[in-house]
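The structure under discussion appears below in the form of structure tokens.
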Amino acid sequence: MTSVVMIAGDGIGPEVMAATRQVLQAVGARVDWVEAHAGLDAVEKFGDPLPEQTLELIRKHRVAIKGPCTTPVGKGFRSINVRLRQDLALFASVRPVRTLPGVKVPYDNVDLIVVRENTEGLYAGLEHVVVPGVVESLRIVTREAAERIVRYTFELARHQGRRKVTVVHKASILPLSDGMFLRIADRIADDYPFIEYEQQTIDHVALDLAFDPTPYDVLVMENLFGDVMSDLCAGLVGGLGVVPGANIGERYALFEAVHGSAPDIAGKGLANPIALLRSAAMMLDHIGQRASAKRIEQSVCRTLEAKVGLTRDLGGDGNTRTITAQLIANL
Ligand code: NAI
């Protein structure tokens, strides 16, 4: 048994988490759930959307899964997700993006991994007013973080038998920061001669992905570029309702769906649990329960292909209960 901290989150979070747990139970995953709180739920209970108790539990058990949390707007709270990444040094966001059977999209052969540096860039949150009407936002790039994310990406590519790593940048406009990032990537790429390596500007990659995503394989980039690109790539395979996500650090790992708390459908039993379920499959893979992870991925494919019991966002007329029943039946 492995202990996993479970944060159900807000809105549809508890609904998709309950569905995910049912499927994990059916597949025989050996997980001990440790409940923790974040989001609006935690503001009510602890006066903080990310209470120290929750961080302590993650530090203790080292692996967590999280549903979406509503960020209270205009109340002076820092984003929960940014805090989790920075406080737990979850330096890599990993989003596998693969075409799924039965999901209608322009391309039928997308298979990408987007790796995003998670701790600095413009997300360092350093902004100030220089003089009234002029604001400066600082984009932090450090050698240490650049080396860490590029090395991580090549190791991921090696472990998963991927063919190519593309470093996405804008060094023509940002020669100091992105220039350093590229020089670091060049040096690290030399240690992996069996993996093809290229550098490409962000605008070039965005255009290519719209026309034909197949030349790309594993993409790595700084924080804000990664934020935009990972959602663009999710769009290539059916959107945020079906793609999983992981935030990985040296000590801790946090798995989460990338969609929000969907207040418009919360409490109605209409939420699609696939993104969180696939994030849970990534988590099972991470803790060494690979066979269960694989069975879940196969069940997701079978369920989408059969088009029975699907939720409305997937074009069906079912709900969370019917899709979960299919996901279990197809294991
Ligand atoms: P959203 O992703 O919650 O919703 C956008 C649209 O997609 C809505 O129409 C919603 O019904 C639909 N949708 C999302 N997930 C779905 C699912 N699993 N099944 C079926 N339909 C689904 O984005 P929105 O409305 O911008 O954000 C709502 C709240 O979520 C905000 O408070 C925001 O801060 C928070 N949020 C939290 C995230 C996280 O915790 N990781 C990520 C993004 C947003």
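Residue numbers for the sequence shown, in our numbering: 85 to 415.
The C-beta atom is built at its ideal place from N, Cα and C for all residues, glycine as well.
Original post:
Under 8 Å from any heavy atom of the ligand NAI, does the C-beta of residue 154 make it?
Top reply: yes
Original post:
Span of the alpha helix (DSSP H) holding residue 367?
Top reply: 358-370
Subject >> Neighbourhood of residue 255 by C-beta, 6 Å cutoff - its chain only, sequence neighbours within 5 removed >> reply: 262, 263, 266
**OP:** Reducing DSSP to helix, strand and coil, say where residue 243 ends up.
**Re:** helix
Original post:
If residue 114 and residue 86 are in contact, beta carbons under 8 Å, what's the gap, nearest whole angstrom?
Top reply: 7 Å
Original post:
Heavy atom of the ligand NAI less than 8 Å from the Cβ of residue 142, yes or no?
Top reply: no
Subject >> beta-carbon residue 121 near the ligand NAI non-hydrogen atom, thresh 8 Å >> reply: no
**OP:** Would you kindly work out how many angstroms separate the C-alpha atoms of residue 218 and residue 212, rounded to a whole number?
**Re:** 9 Å
Original post:
Under three-state DSSP, which class holds residue 177?
Top reply: strand
Original post:
Would you report the Cα separation of residue 280 and residue 172, rounded to the nearest angstrom?
Top reply: 32 Å
Subject >> Neighbourhood of residue 209 by C-beta, 6 Å cutoff - its chain only, sequence neighbours within 5 removed >> reply: none
Original post:
Quick one: does the C-beta of residue 125 sit closer than 8 Å to a heavy atom of the ligand NAI?
Top reply: no
**OP:** Leaving out five residues on either side along the sequence, give the residues of the same chain with a beta carbon under 8 Å from the beta carbon of residue 166.
**Re:** 207, 209
**OP:** Grab me the residues of residue 161's own chain with a C-beta within less than 6 Å of its C-beta, minus the 5 sequence neighbours each way, in chain order.
**Re:** 133
Subject >> Start-to-end residues for the alpha helix (DSSP H) that takes in residue 223 >> reply: Element bounds for residue 223: not the alpha helix (DSSP H) but the beta strand (DSSP E), 218-224.
Original post:
Taking C-alpha atoms, which residue in 91, 116, 101, 365 lies nearest to residue 124?
Top reply: 91
Subject >> Supposed close pair residue 194, residue 321 - CB separation, criterion 8 Å >> reply: 5 Å
Subject >> Residue nearest to residue 295 in terms of C-alpha spacing, selected from 198, 413, 361, 192 >> reply: 192
Original post:
Any contact of the segment 347-358 with the segment 228-244, i.e. 3+ C-beta pairs under 8 Å?
Top reply: no
Subject >> Pairwise C-alpha distance: residue 108 and residue 408 >> reply: 11 Å
Original post:
Which of the three DSSP states, helix, strand or coil, is assigned to residue 238?
Top reply: helix
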